[in-house]
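S.K.: Following this message is one structure expressed as structure tokens.
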Amino acid sequence: MDAEKIKVRVTDGGQIIDVVVLNKRPERIQVVLGEGIHNVKCELTPTRNGRAYAGTVMGREIVYERSREQVQADIDRLNPALRKPVRR
Numbered sequence: 038m039d040a041e042k043i044k045v046r047v048t049d050g051g052q053i054i055d056v057v058v059l060n061k062r063p064e065r066i067q068v069v070l071g072e073g074i075h076n077v078k079c080e081l082t083p084t085r086n087g088r089a090y091a092g093t094v095m096g097r098e099i100v101y102e103r104s105r106e107q108v109q110a111d112i113d114r115l116n117p118a119l120r121k122p123v124r125r
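At position 15 of the sequence shown the residue is numbered 52 (my numbering), and the sequence of numbers has no breaks.
Structure (structure tokens):
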């Protein structure tokens, strides 16, 4: 299974970097920056207006510029089985 990667922006210099997603939910996205022993985990939480996700890693702020609705749509598109109720 291929790991999902997303692009985040570092607010200091405006640099765009690819990060690997560990866990993706509308209320929180857990990502890993770097590879091997030099990796760093970070949690991105929605901003107050809900239009982006932000977090800090090693003193720098990173931003994932997608809204909660867009993230929920991505989750539903990637795994539609999670959305359907279980019949008993």
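No residue lacks a Cβ here, since even glycine has one placed at the ideal position from N, Cα and C. None of the values given here were measured: they were computed from a predicted structure.
#1: Kindly identify the DSSP beta-bridge partner or partners of Pro-83.
#2: Quick one: what does DSSP say Arg-103 is sitting in, helix, strand or coil?
#3: In whole angstroms, what is the alpha-carbon distance linking Arg-97 and Val-68?
#4: Based on Cα-Cα distance, which residue from Met-95, Leu-81, Arg-103 and Ser-104 lies nearest to Asn-60?
#5: Which residue marks the beginning of the beta strand (DSSP E) containing Gln-67, and which one marks its end?
#6: Measure the Cβ-Cβ separation of Pro-63 and Arg-103 and say whether it is below 8 Å.
#7: Under a three-way DSSP split, which group does Asp-113 fall into?
M.R.: The relevant details are as follows:
#1: Tyr-90
#2: coil
#3: 15 Å
#4: Leu-81
#5: 65 to 70
#6: no
#7: helix
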